[in-house]
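**Student:** Have a look at this one.
Now the structure itself:
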């Protein structure tokens, strides 16, 4: 059936199960928005900034594993997508960006907004094409979609303004077949089991790839008496009150994790691809399990690599493990964990104003629902969150490798659109939150009852602390902030200010119960994270 290019694009997205397109309108993508308005399957989410639109698409892809989609007009609109596209590219989640472009007759003429967008997107897109002829669009769109989905990353199309309204008669492409996955190598499993069986001080490092195998991983840890370290998105994989859970890794991690990793004689990595260079043990064998063979040995040299889903490999591996007496190692783990818990208990009980950041995170941990989604921005508060927060079953969203400021609010909005019945919280610093705060009105417009907790310490604290440690001037690290609670009201939501520690939990509970977007402005100190004393 003959369709205009704009309608074809929407039909192709619907065929692949896309539920939402996030974007900002402009002269060069108006026809696409018109096509979206004339059908019921794909919802258009009108954002105030292109950066937020791309971050929302990336966050949806992280939550669901499915394709996220965003759109912008030509030139500056397209350029403003890059912060969000970088997040998808570096965290390897599937995202399609469809940008308008100047009419074909104006390409390369220096007309307004005429820019080589393929060159602009080169650093973040695995596939990028200019639709120079309408008849080429169906295949170009298909290649962009397949590249994004099969490789995990960004596919991009630039569609000139005059192309949108040209008819095409091609059928849409069906979803491609599921990826073929090789059988798990019995030899690799056997070799890994041999290394684990001869170990006396094993340790497990768990990433988000282990999220469907939490109980199995906990059982294996108990078999091995092995402490469990988790990357930040994987904190909910193991209940944080489990006696073998010892916290996060690296700057924002726990002291027991660092100590035990240095004392271990083998490390089993389950679905984790992030490992700070300073924490990589050079003296022990590393066994890595990952569903993506490309991830194995990519960052850390491994002794044994097993390609397969963690939830399939762990039972196969557990069945070959032998029971050994590791009572000394178990006692060492428990002692370090108990010492760490006492240390954290002292930190979260601090009184005085401004409020200690540890106390803020502790209060949040106590107040949020067990199945909440928590979007964590980038900044000093990220370190405190990973140090203090005690996860139960909450889902944690972060900008993993790109680490852009402003991630939390758009990510929380995307989470609420996808999970309307779950509690959703955004945690941000007063510096980073300003990057995307304009889209709080988007949350209000779509009735998204999210809670944005702003840790307001009057500075870019992470950078300020590093400046101080290096003996640099701290110029540029102080922030000049609006009244965040008044800003929430101005955007159609509600705002709260917390200045006293004893008010934290009551105010958080009130904010979390409100049916509108809320901001909780917490006046906290910018004390340095104690990891520098390890």
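Residue numbers (my numbering): 43 to 576. We put the beta carbon where it would ideally sit given N, CA and C, even for glycine.
Among residues of its own chain, excluding the 5 on either side of residue 443, which ones have a beta-carbon nearer than 8 Å to its beta-carbon?
**Tutor:** 132, 133 and 316
**Student:** Closer than 6 Å by C-beta to residue 507: which residues in its own chain qualify, once you throw out the five before and the five after it? Chain order, please.
**Tutor:** For residue 507, where only same-chain residues beyond five positions count, the Cβ hits under 6 Å are 570.
**Student:** Under 8 Å, do residue 129 and residue 251 count as touching if we go by C-beta distance?
**Tutor:** no
**Student:** Would you mind reading off the limits of the alpha helix (DSSP H) that contains residue 198?
**Tutor:** That residue, residue 198, is in no alpha helix (DSSP H); its beta strand (DSSP E) goes 196-202.
**Student:** Could you pull the start and end residues of the beta strand (DSSP E) that residue 498 belongs to?
**Tutor:** 493-498
**Student:** Report yes or no: is there a C-beta of chain D within less than 8 Å of the C-beta of residue 348?
**Tutor:** Any reference to chain D falls outside this structure, which holds one protein chain only.
**Student:** Just checking, does the region 119-129 make contact with the region 156-169 on the three C-beta pairs under 8 Å criterion?
**Tutor:** yes
**Student:** Grab me the residues of residue 551's own chain with a C-beta within less than 8 Å of its C-beta, minus the 5 sequence neighbours each way, in chain order.
**Tutor:** 409
**Student:** For residue 388, count the other beta carbons within 10 Å of its own beta carbon; 16 or more makes it buried, fewer makes it exposed. Which is it?
**Tutor:** The residue in question, residue 388, is exposed, as its Cβ has fewer than 16 Cβ neighbours within 10 Å.
**Student:** DSSP three-state label for residue 356, please.
**Tutor:** helix
**Student:** Using 8 Å as the threshold, is the region 527-539 in touch with the region 429-439, meaning 3 or more CB pairs across them?
**Tutor:** Proximity of the region 527-539 to the region 429-439 falls short of the contact definition, fewer than three beta-carbon pairs being nearer than 8 Å.
**Student:** Have a look at the DSSP bridge pairing and note the partners of residue 45.
**Tutor:** In the DSSP output, where bridge partners are listed per residue, residue 45 has 210.
**Student:** By DSSP, does residue 388 sit in helix, in strand, or in coil?
**Tutor:** helix
**Student:** State yes or no: is the C-beta of residue 418 within less than 8 Å of the C-beta of residue 438?
**Tutor:** Yes, they are a contact pair.
**Student:** Can the beta-carbon of residue 238 be found closer than 8 Å to that of residue 263?
**Tutor:** No, the Cβ-Cβ distance between residue 238 and residue 263 is not below 8 Å.
**Student:** If I measure Cβ to Cβ from residue 448 and keep anything under 6 Å in the same chain, skipping five residues before and after, which residues do I get?
**Tutor:** 474, 477 and 478
**Student:** Per DSSP, what kind of secondary structure is residue 403 in: helix, strand or coil?
**Tutor:** DSSP places residue 403 in helix when its eight states are reduced to three.
**Student:** For residue 321, which of helix, strand or coil comes out of DSSP?
**Tutor:** helix
**Student:** Return the CA-CA distance between residue 436 and residue 173, expressed in angstroms with no decimal places.
**Tutor:** In a straight line, the C-alpha of residue 436 is about 42 Å away from that of residue 173.
**Student:** Does the region 56-69 come close enough to the region 104-120 to have 3 or more Cβ pairs within less than 8 Å?
**Tutor:** yes
**Student:** Hey, how far is the Cα of residue 576 from the Cα of residue 69?
**Tutor:** Because the pLDDT at residue 576 is just 37, under 50, the model does not fix this residue reliably, and the value given afterwards should be weighed accordingly. Their Cα atoms are separated by approximately 55 Å.
**Student:** May I ask you to check if the CB of residue 328 is nearer than 7 Å to at least one heavy atom of the ligand FAD?
**Tutor:** With respect to small molecules bound, the structure shown includes none, and the ligand FAD cannot be examined in it.
**Student:** Nearest-angstrom Cα distance between residue 274 and residue 85?
**Tutor:** 31 Å
**Student:** Could you pull out every unbroken alpha helix (DSSP H) segment of at least 4 residues lying fully inside the region 413-444, listed in chain order?
**Tutor:** 422-430
**Student:** Who are the near neighbours of residue 546 in its chain, counting only those whose CB is closer than 6 Å to its CB and skipping five residues on each side?
**Tutor:** 405 and 540
**Student:** Skipping 5 residues on each side, what residues in its chain have a beta carbon closer than 6 Å to that of residue 563?
**Tutor:** 496, 498, 526, 527 and 539
**Student:** Is residue 566 helix, strand or coil by DSSP?
**Tutor:** strand
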